[in-house]
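**Q** Pasting in a structure now, in structure tokens, and then I'll have a few things to ask.
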Amino acid sequence: MDFEKLKKFIKNNDIPSYRINQIRDAIYKQGITNWDDIKQLPANLRKELAVKQPILSVFMSKIQQSKRDKIIKALLTLKDGYKIETVLIKPYDSWSVCVSTQVGCQIGCTFCQTGHMGFKRDLTAEEISDQVLFWQGYLRSKKIDERISSVVYMGMGEPLLNYDEVVKSIKTLSDTDFLNIGQRHISISTSGIADKIKKLATDLPQVKLALSLHYTDDKLRSKIMPINRKFNLQSLQLALEDYIARTNRQVFIEYILIQGVNDSTKDFRKLVKWIEGIRGNYLLHVNVIPANQTKKLNNKITNAEVDDFVKSLKKANISASARKSLGADINAACGQLATK
Ligand code: SAH
Ligand code: SF4
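So the sequence shown is numbered by our numbering: it starts at 154 and just counts up by one.
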């Protein structure tokens, strides 16, 4: 929904301006995503708007629900025919949405399904925030009168390589006139675009930052996450130091545990050393995640091994927890979305 465009349309067509507030309320407060359901509007206006100003810039192609977890994945089609994925999750007692920021991804991490798709294009701010509007409309269609209260930028794509549109979409999502999702309830996950991490600290200091670290050896990380050739482990330490100094906020370090690759005692010690090398590291929290099986990744890590890794980190005075990989049965673990 490009609300500015809609406002112009209302003005240029001599439609009374009080309609703007009615429409804003219907879409953002009531979760209506279909013009025909905004009954306060005259029927002819509803019809005209449906043709000239569709509410959503994304269209549902397919919905898949996990049997195990409260997690639903949608395949959405964009105006130019590209497809993206988005996930609705209720991990505890509130709804969260995982959004994509690009069609594909240019980073190409070898363990990631999106990385294997190649890169097609950036999403616009409208296409990003509309994924949340889409799910709010979905909840309404299921007669669930609950609001989406958090958003994670962990779907397809590298958010910090589509920086301007991502920032714009967060401003829309958090606007009190629109969905009013507080910036403290919005998280961005990045593979480590060091210069943009610094910029984020100034532009959106309230947003939660997660760094997908996964490897603490430059040679190995560069092989598996090619972005490391541009921004290596030391540059990430400096970027986090700078980020923490400016924001004084907790930062999450994502560490997917892969058997025989990054789970040895030596790997553990390197991780501790890397963290200890960051000024302000008491604000870091490590999420240890069992890697999800993909075509290229045969991982046999057990939950007990993940728990042990977490225990060891805690013993080393590092804040850490094990994170479950939700939705593995529909391939919806946020962040490894890719169309089949
Ligand atoms: N590009 C950003 C955000 C999208 S990926 C980033 O890389 O952070 C979101 C998360 O999913 C990242 O932490 C990524 O490393 C993780 N991920 C990708 N493939 C995975 C897999 N096979 N198993 C577990 N996590 C995976
Ligand atoms: Fe891109 Fe993130 Fe996947 Fe790496 S893990 S390929 S950065 S989406």
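Think of the CB as a built atom: it goes at the ideal place given N, C-alpha and C, for glycine as much as any other residue.
Would Q206 and L159 qualify as a contact pair, given that the criterion is a beta-carbon distance under 8 angstroms?
**A** yes
**Q** Per the DSSP calculation, A363 is bridged to which residue(s)?
**A** S342, F405
**Q** Quick one, which of D328, Q255, K376 has its alpha-carbon nearest D317's?
**A** Q255
**Q** Tell whether a beta-carbon distance below 8 angstroms holds between R399 and A347.
**A** no
**Q** I'd like to check one pair, V360 with Q387: are the Cβ atoms closer than 8 angstroms?
**A** no
**Q** In angstroms, rounded to a whole number, what distance separates the CA positions of N440 and K376?
**A** 22 angstroms
**Q** Return the CA-CA distance between F509 and L209, expressed in angstroms with no decimal places.
**A** Given that the chain is displayed from residue 154 to residue 493, the structure contains no residue 509 and the question cannot be resolved.
**Q** Where does E238 fall in DSSP's three states?
**A** Per DSSP, reduced to three states, the secondary structure at E238 is strand.
**Q** For the candidate residues L466, N333, F462, I406, whose alpha-carbon lies nearest to that of Q183?
**A** Nearest to Q183 by alpha-carbon distance, out of L466, N333, F462, I406, is N333.
**Q** Measure the alpha-carbon distance for D233 versus K419 and round it to whole angstroms.
**A** 48 angstroms
**Q** Counting only the same chain and skipping the five closest in sequence on each side, list residues whose C-beta sits under 6 angstroms from that of A475.
**A** V441, V459, D460, V463
**Q** Nearest-angstrom Cα distance between R199 and N174?
**A** Distance between the alpha carbons of R199 and N174 is about 15 angstroms.
**Q** Taking its Cβ as the centre, do 16 or more other Cβ atoms sit within 10 Å of L226, making it buried, or is it exposed?
**A** It should be noted that the sequence gives Lys, not Leu, for residue 226. The residue is buried, with at least 16 neighbouring Cβ atoms inside 10 Å.
**Q** First and last residue of the beta strand (DSSP E) that includes N174?
**A** Element bounds for N174: not the beta strand (DSSP E) but the alpha helix (DSSP H), 171-177.
**Q** Report back the beta-carbon spacing between T186 and G290 to the nearest angstrom; my notes put them in contact at under 8 angstroms.
**A** About 3 angstroms separates the beta carbons of T186 and G290, which is inside the 8 angstroms limit, making them a contact pair.
**Q** Between I409, K352, I237, Q446, which has its C-alpha nearest S396's C-alpha?
**A** Going by the sequence as given, residue 396 is Tyr instead of Ser. Measuring from the Cα of Y396, the nearest candidate turns out to be K352.
**Q** Consider the C-beta atom of H367 and the heavy atoms of the ligand SAH; say whether any pair is separated by less than 7 angstroms.
**A** yes
**Q** At which residues does the alpha helix (DSSP H) containing G290 begin and terminate?
**A** 278-294
**Q** Can you name, in chain order, every residue of its own chain whose Cβ lies under 7 angstroms from the Cβ of T263, other than the five neighbours on each side?
**A** Result list for T263: I377, K449, in chain order.
**Q** So is S210 in contact with chain D if we call contact Cβ pairs under 8 angstroms?
**A** Included in the structure is just one protein chain, with no chain D present.
**Q** At the level of alpha carbons, what is the spacing between D189 and K477?
**A** 40 angstroms
**Q** So is the beta-carbon of T230 under 7 angstroms away from any non-hydrogen atom of the ligand SF4?
**A** no
**Q** Please confirm whether L389 and L364 have their CB atoms less than 8 angstroms apart.
**A** yes
**Q** Given 7 angstroms as the limit, tell me if S219 has its C-beta closer than that to any heavy atom belonging to the ligand SF4.
**A** no
**Q** Applying the 10 Å Cβ sphere with the 16-neighbour rule, what's the burial state of N456?
**A** exposed
**Q** Mind checking whether the beta-carbon of I409 lies closer than 7 angstroms to any heavy atom of the ligand SAH?
**A** yes
**Q** Can you look up A196 in the DSSP assignment and give me helix, strand or coil?
**A** helix
**Q** Excluding the 5 residues flanking R432 on each side, which residues of the same chain have their C-beta closer than 6 angstroms to its C-beta?
**A** E394
**Q** With 16 as the cutoff for other CB atoms within 10 Å, does N381 come out buried or exposed?
**A** buried
**Q** Could you pull the start and end residues of the beta strand (DSSP E) that W427 belongs to?
**A** Where W427 is concerned, there is no enclosing beta strand (DSSP E), although the alpha helix (DSSP H) it sits in stretches over 418-429.
**Q** Here's a check: name, in chain order, each residue in its chain whose Cβ is nearer than 8 angstroms to the Cβ of T343, leaving out the five neighbours to either side.
**A** E311, P312, L313, K349, I350, L362, A363, L364, S365
**Q** Kindly indicate the opening and closing residues of the alpha helix (DSSP H) around S388.
**A** 386-400
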